[in-house]
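Residue numbers (this note's numbering): 32 to 247.
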């Protein structure tokens, strides 16, 4: 509800021509988008999230994020998965409807960089698995329908050491397209839809058999 009140305030101030108030409302919109993205991604993934270079278009419903990184749980918090050039387009007519309509979520590049299966892949897989129960039981987060998700093909790099020497292997994985998330149910909580996207992304990048093997 707080999200919708902030957006409503922004629209009222803008239409009234209150220049100083509009600037303040735009700053609040930007801050609320940052908080919403960070909080719900962390709930969905079970991992720390780092967001870089966020830009919001306010009334247009456009937002871009230079990088969205899922961080490891070790002390160094090394990025494990990075989505670059992320664009989110929200239908501005849905701001006050009670259900946010996200027209699309896209990314220009995606990469996965891990160190073997014990740290990295297992970190991602077990965190997603543990977060699923919390997300399904939670009634927190805005209710959303996501019309389209488009993620490009990316590179999966696994590093490690053999007999004290660094080794590295990598492979390409295909892009991912999803549509009409939450549409059949009339909207779902944002963390639940984000987790669906992240889980489908990891299954696409690794393959279901590999992911299940890591979880064992």
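Here a beta-carbon is modelled for each residue, glycine too, at the ideal position from N, C-alpha and C. As the structure is a prediction and not an experimental result, all values here were calculated from the model.
In this structure, residue 110 sits near residue 81, with a CB-CB distance shorter than 8 Å. Note: residue 202 is bridge-paired with 187 in the DSSP secondary-structure output.
Nearest neighbour of residue 120 by Cα position, chosen from 106, 181, 236, turns out to be 181. A straight-line Cα-Cα distance of about 18 Å links residue 211 and residue 124. According to DSSP, residue 144 shares a beta bridge with 188.
Counted as a single uninterrupted DSSP element, the beta strand (DSSP E) harbouring residue 136 occupies residues 131 to 137. Scanning its chain for C-beta atoms nearer than 6 Å, with the 5 sequence neighbours on each side dropped, one finds around residue 93 the residues 120, in chain order. Our two residues, residue 83 and residue 69, have alpha carbons roughly 11 Å apart in a direct line. Shown here, residue 223 sits in a helix according to DSSP, grouped into three states. Cβ-Cβ separation between residue 179 and residue 134: approximately 7 Å, consistent with a contact (criterion under 8 Å). Between residue 77 and residue 162, the C-beta spacing is below 8 Å. Here DSSP, grouped into helix, strand and coil, assigns residue 208 to strand. Residue 154 counts as buried, since no fewer than 16 other beta carbons sit within 10 angstroms of its beta carbon.
In the DSSP annotation of this structure, residue 126 is not part of any beta strand (DSSP E), being labelled neither H nor E. Residue 106 sits in coil when the DSSP states are folded into three classes, being neither helix nor strand.
Taking the Cα of residue 126 as reference, the smallest distance to any Cα among 106, 174, 183, 220 is reached at 174.
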